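In the working numbering, the protein residues as written are 2 to 113.
Written out as structure tokens, the structure is:
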């Protein structure tokens, strides 16, 4: 039954990422991948909470959070930024990694 929970969680996570991208990109006037940054930070925060709570099960951790967050899009957007603005690409990478780690920590600390 885990496979069904992963599939349902994955569908919900992918939908939330898509809706977030539509909403954020509608108002994003900067050439900065803000939607990806936001979903990855939310996913990091929730994963920290999942670690703190023990186990939320594969439907949440693998399905929902796996589909919500996206490393491949993060890397592609960093690559795309580097083609025109190397400094902005470096800022995006550093901000994503440091703030992602902070969000996991905060999520974990809230639960524990």
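Yeah, the Cβ is synthetic: ideal placement off N, Cα and C, and Gly gets one too. Note that this is a predicted model, so its numbers are computed, not measured.
In whole angstroms, what separates the C-alpha of residue 113 from that of residue 85? Between residue 113 and residue 85, the alpha-carbon positions lie close to 43 Å from each other.
Are residue 108 and residue 49 touching if we call contact CB-CB under 8 Å? yes
Own chain partners of residue 79 with C-beta closer than 6 Å, once the 5 adjacent residues on each side are dropped: 90, 93 and 94
Segment contact, 8 Å Cβ cut-off, at least three pairs: the stretch 4–21 with the stretch 47–65: yes
Tell me which residue opens and which closes the alpha helix (DSSP H) that residue 113 is part of. That residue, residue 113, is in no alpha helix (DSSP H); it is neither H nor E in DSSP.
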